[in-house]
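Under the numbering used here, residues 122 to 482 are what the sequence shown spells out, in order.
Some notes on the structure that comes next.
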Amino acid sequence: MTRRIKDFILSANLLAGTIIGAGVFSLPYVFKIAGVATGLFYLLLATVAYIAIYRMYAQVISLTPSEHRLSGYIKIYLGNTAWWISILMTIVGAILVLTVYLILSQSFGNLITPFGSGEDKMVIFWLLGSIAIFLSLRRIALLEMMINIGMVAIIAIIFFLGLIKPDNLLSVNFGVHWKSFLLPLAPVLFSLSGRVAIPAMTKFGSLRAAINWGTIVPAVLFAAFVLSILALSPVVTEDAVTGLVGYVHPSILIVVGIFGMFSILSSYVTIGYDVYKSLGLDLGFPRFAQYALVVFGPLVAYFAGLNSFIGLVSLIGGIFLGLEGIFIVLMWLKAIKKPLSLSTLLLIAVFAAAIIYEIIK
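Written as structure tokens, this is what we have:
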């Protein structure tokens, strides 16, 4: 294997592994509500949009002499106001992502055992994740591998089970529900988000091809996952997996629950530790305040009423990732010193549409 091919595989795998996450579990529900054709349209649109965004961000990184986090690049190219918005956007968005994992922990916990309430299982999950963050276990590279193995295993299990019952797809609406036409946009943006992988990818060769395939492969897997869920159960719940109870053998559901729990716990620790570091490096928070916000922020958000899986995924994908996408386009235009073109205007429009829909819906 040549160095070029090896770099391509490592780079594409890094992006794909970053993208494949909790967002995929929101897709079957919104696809069914809006119509499968609508969902697939947005999956294609978001794939093209994110390929462009990731290429732009990679070019911004390569054109900037020093290395920074996203907020650092925003400060250089867009100024202090945009920098403050990006800092708040990144930290609040990450806290809400942690809240999404708290919600999912109930779903996977209930697959493993019917004993105890969902919130009891969530609190246990929260305690384990918080202790791991406190011990700085983000440094263990094994966590990254656990995330990828867990998510791919779940998608593979659901896909092969779906192959057994393809006839159920005949009863699924593949048309368009115009009243819910924009509903899938924000969840799809959330699901395909993998911007944090780009800085590491710039150290490899074959960047354009790696970005292309690292985005396309997860999108194809997501489409297969959605169709498999729809084939397996006539009941499609917001989290995708709860609706499988009664339609899939309990032993298989336990395996799915275990893989899912390991994966989201690993993601919880990874994201939580990154937020902890950002609070210290970007905002100068003292260590106690860093831990307090990371540990208690998601729990407070949940009990304050932010406990709808689809609602949170849509909020993060529509508002926070919508702003992030627009910031990256504007940074890129500043970095390459070119005026706004029709293609970049259309790209901005995709993310602006997600923001506007989440505000007015």
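Just so you know, even glycine gets a beta-carbon here, dropped at the ideal spot from N, CA and C.
In this text the structure is predicted, and so the values were computed from the model without any measurement.
If you follow the alpha helix (DSSP H) that residue i is in, where does it begin and where does it stop?
i       : result
Asn-201 : 201-233
Leu-313 : Note, Leu-313: premise wrong, no alpha helix (DSSP H); not H, not E.
Ala-321 : 319-322
Gly-443 : 442-457
Val-160 : Reading the sequence as shown, one finds Gly at residue 160 and not Val. 157-184 is the span of the alpha helix (DSSP H), which, as asked, contains Gly-160.
Arg-124 : 124-140
Val-434 : 430-436
Val-293 : From DSSP, Val-293 is part of no alpha helix (DSSP H); its letter is neither H nor E.
Could you check if residue i is buried or exposed, using at least 16 other CB atoms within 10 Å of its CB as the buried criterion?
i       : result
Leu-461 : exposed
Phe-417 : exposed
Pro-419 : buried
Asp-241 : exposed
Phe-311 : buried
Val-396 : buried
Phe-281 : exposed
Ala-413 : exposed
Ala-262 : Confidence at Ala-262 is low in this model, with a pLDDT of 48, below 50, so its placement is unreliable and no value can be given for it.
Phe-430 : buried
Pro-186 : exposed
Pro-339 : buried
Expressed to the nearest angstrom, what Euclidean distance is found between the alpha-carbon atoms of residue i and residue j?
i       : j       : result
Ala-137 : Pro-407 : 34 Å
Gln-411 : Gly-432 : 26 Å
Gly-200 : Leu-365 : 49 Å
Ala-307 : Arg-190 : 24 Å
Thr-105 : Tyr-389 : Nothing in the structure corresponds to residue 105, since the chain is present only between 122 and 482.
Ala-352 : Gly-283 : 5 Å
Ser-226 : Leu-164 : 26 Å
Gly-119 : Lys-482 : Here the chain comprises residues numbered 122 to 482, so residue 119 is not present and cannot be evaluated.
Met-452 : Gly-193 : 11 Å
Thr-123 : Thr-211 : 38 Å
Trp-334 : Phe-162 : 18 Å
Ala-422 : Leu-248 : 16 Å
Met-177 : Ile-276 : 30 Å
Ala-345 : Glu-188 : 37 Å
Arg-125 : Ile-337 : 20 Å
Ala-133 : Leu-467 : 26 Å
Phe-229 : Ala-321 : 31 Å
Ser-206 : Ile-373 : It is Ile, not Ser, that sits at residue 206 in the sequence shown. Cα-Cα distance, rounded: 44 Å.
Lys-300 : Ala-274 : 35 Å
Val-157 : Phe-295 : 5 Å
Quick check on this structure: which residue in the options has the alpha carbon closest to the alpha carbon of residue i?
i       : options                            : result
Ile-224 : Gly-381, Gly-439, Gly-405          : Gly-381
Ser-349 : Gly-239, Leu-249, Tyr-368          : Tyr-368
Thr-391 : Leu-454, Ala-253, Lys-482          : Ala-253
Ile-182 : Val-471, Ile-469, Ile-457          : Ile-457
Val-376 : Ala-173, Gly-271, Val-297          : Gly-271
Leu-386 : Ile-141, Gly-193, Ile-206, Phe-246 : Phe-246
Gly-250 : Ala-133, Lys-459, Ser-384          : Ser-384
Glu-359 : Val-221, Val-415, Lys-127          : Val-221
Phe-255 : Thr-363, Tyr-394, Ala-318, Trp-204 : Tyr-394
Ile-208 : Lys-459, Leu-454, Gly-401, Tyr-478 : Gly-401
Ala-331 : Leu-342, Ile-319, Val-341          : Ile-319
query = Quick one: complete beta strand (DSSP E) runs, 3+ long, within the stretch 354-426?
reply = none
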